[in-house]
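K.L.:
I have a structure here, written as structure tokens, and I will follow up with some questions on it.
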Amino acid sequence: MYSSFRPELHERSLAYLKTIRKYLDGLISKEELDELRSNQLMSVLEYVKKGSQFYKERLKDISCIKVGTELDQYISQLPYTTKDDLRKARETISSQRLSDAWVYYETTGTTGPATPCPRNEEDSLVNNAFLALQYENIFQKENGSHIVGVMGPTELHSTGDTFEDVFRSLGHTVVKMWPRSPVVGLHRVIRLIKELKITALVCTPAVASEIVKHGIKNGVDVKRLGVEVILVLGELITPNRLRNLGTAWGAKIYNCMYASQETSILAAANQNNELETIPLNNYYELLNPFTDEKLSIGEKSVSGELVVTHLYKGHKPLIRYRTGDMLKSRLSNKSGSWIIEPIGRVKDILTINNQKVYAFDLENLIFEELEHCYEYFVEIDSDGLNDSLSIILEECKELEDKKLLGLIEKKLVEKLDVKVNINVGNVGNLIGTGAMVSWKAARIKDNRENAVNSERKVALDIALKRVEV
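End of the sequence shown = 469 in full-length UniProt numbering, gap-free, step of one.
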């Protein structure tokens with residue numbers, strides 16, 4: 001409706017849609033893409049140097065020149081932007097006034113001061129168009145038209161607005177039902193799924209898990225609710241755990257996007273359930289987080305910290321922003337695009353017996369031999385010489401097999417070279433805070449001397465305040 005009052009937006013959206021369709025259909029060559037991205041980068045740099053107080057100072061010695069195919073070399077000279085920069089600069093990093101934005105969001109503020117994340121029309125246009133085209137392919141594959149239950153916060157957060165816009169554009173019905181709202185709750189969510197015949201869900205893995213457990217407690221088998229497809233987002237989930245969560249629902253489940261409040265959409269699921277980047281909108285780099293060495297992306301996966309530069313004139317474009325997120329990345333079959341797997345934050349890397357262990361690898365190993373279990377919690381201890389892991393797995397029938405538990409223990413010992421003890425029981429409610437705080441805060445209790453547990457304390461506070469409705 002609003003585009004009827006803003007004809008210039010309608011024209012811009014049609015032009016962008018034409019370009020992105022052409023790219024996704026493989027009709028833009030690498031040379032054309034390089035030229036396009038080079039022009040976009042120069043335009044964005046001029047835009048932020050003019051509009052952002054922060055970048056006006058930070059980029060004062062940078063010349064905006066046409067670089068063509070030398071984009072990689074040129075961008076390497078630009079200074080990084082960090083999370084601390086965002087927290088300190090706040091609104092001065094934006095390139096427009098707040099009155100030029102159509103909506104205001106901010107980060108949760110659980111791991112540091114909340115930072116402003118206003119969005120203008122360009123932000124929503126380029127990001128939502130990419131999502132719409134990716135999900136259009138998925139939903140055509142998954143039986144066409146759906147009633148979609150969107151379970152994400154709307155207060156100062158983009159999830160509800162984004163998915164409403166995307167699915168409305170694709171002709172699906174949207175039901176916004178945030179289960180952690182005191183006026184909704186898990187019981188009402190299950191009732192709505194049943195009564196409205198909701199066939200698709202959008203939520204965090206933690207919420208999908210909580211609905212299953214609430215159903216079991218109240219005599220409801222979620223497999224009988226008729227949900228066919230689930231898009232999960234917002235927190236780390238590995239392929240093995242994703243598979244098991246899908247089994248619990250009897251639904252096809254996709255890890256549907258990689259994004260953040262600060263950066264918007266950086267990758268979205270394709271039909272093969274792979275996360276694919278969008279180089280039309282962003283310039284991506286991968287760094288060794290310990291040496292800052294820039295890594296080359298090829299056909300084999302490489303792990304490193306993601307650095308991103310926005311290539312569109314949003315409200316707050318970021319230049320060489322160090323996300324703090326570790327990814328496994330390899331080239332996709334689309335020009336300039338990567339296939340990625342988020343493997344945890346740099347801050348979530350564990351050191352166990354002097355070896356670095358990624359969040360992704362630990363979680364994937366735990367569920368490698370399991371088909372139905374999908375929840376876990378880990379404690380790390382030390383006797384002063386060697387570390388050990390105590391893992392609690394959420395109770396389910398397959399875990400009655402002691403040989404299976406022994407096999408999981410053996411694999412973890414072999415791969416991680418650490419003493420492991422596995423128990424079956426209640427994993428607690430802290431695991432539901434992963435999207436709000438971090439994987440490490442929600443899943444790990446580090447009892448070793450000098451362990452840093454400040455984020456765990458934040459997660460505990462959030463978990464204590466939640467009341468099941």
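Beta carbons are placed, not taken as given, at the ideal position from N, Cα and C, and that holds for glycine.
Should the region 224-237 be regarded as contacting the region 194-203, the criterion being three or more beta carbon pairs within less than 8 Å?
P.N.:
yes
K.L.:
Classify TYR105: buried if its beta carbon has 16 or more other beta carbons within 10 angstroms, exposed otherwise.
P.N.:
Residue environment analysis places TYR105 among the buried positions, since at least 16 neighbouring C-beta atoms fall within 10 angstroms of its C-beta.
K.L.:
Exposed or buried, what is HIS10 when buried is set at 16 or more other beta-carbons lying within 10 Å of its beta-carbon?
P.N.:
exposed
K.L.:
Tell me whether ALA459 sits in a helix, a strand or coil according to DSSP, three-state version.
P.N.:
helix
K.L.:
Enumerate in chain order the residues of its own chain whose CB-to-CB distance from GLN96 is below 7 Å, with the five nearest sequence positions on each side excluded.
P.N.:
GLY51, ASN120, HIS315
K.L.:
According to DSSP, what are the bridge partners of residue 475?
P.N.:
Nothing about residue 475 can be reported from this structure: the residues present for the chain run from 1 to 469 only.
K.L.:
Roughly how many angstroms lie between the CA atoms of LYS223 and GLU394, to the nearest whole one?
P.N.:
19 Å
K.L.:
Would you mind working out which of GLU262, ARG456, LEU236, VAL232 sits nearest ALA251, comparing C-alpha positions?
P.N.:
VAL232
K.L.:
To the nearest angstrom, report how far apart VAL469 and SER209 are at their CA atoms.
P.N.:
Caution applies to VAL469, whose pLDDT of 45 falls short of 50 and renders its modelled position unreliable; the value that the coordinates give is listed next. One C-alpha to the other measures close to 16 Å.
K.L.:
Compare the C-alpha of THR81 against each of ASN447, THR277, GLY324 and name the closest.
P.N.:
GLY324
K.L.:
I need the boundaries of the beta strand (DSSP E) containing LEU192, first residue and last residue.
P.N.:
LEU192: not part of any beta strand (DSSP E); member of the alpha helix (DSSP H) spanning 185-196, first to last residue.
K.L.:
I need the DSSP call for THR19, collapsed to helix, strand or coil.
P.N.:
helix
K.L.:
What is the DSSP secondary structure of ALA251, reduced to helix, strand or coil?
P.N.:
coil
K.L.:
For the alpha helix (DSSP H) that contains PHE377, what are its first and last residues?
P.N.:
Element bounds for PHE377: not the alpha helix (DSSP H) but the beta strand (DSSP E), 376-382.
K.L.:
Can you give me the start and stop residues for the beta strand (DSSP E) that HIS310 sits inside?
P.N.:
Note, HIS310: beta strand (DSSP E), 302-310.
K.L.:
Given LYS419, which residues of its chain have a CB within under 6 Å of its CB, disregarding the five upstream and five downstream residues?
P.N.:
SER388
K.L.:
Distance check for LYS334 and VAL184, CA to CA, integer angstroms please.
P.N.:
42 Å
K.L.:
Buried or exposed: where does GLY406 fall if 16 or more other Cβ atoms within 10 Å of its Cβ makes it buried?
P.N.:
exposed
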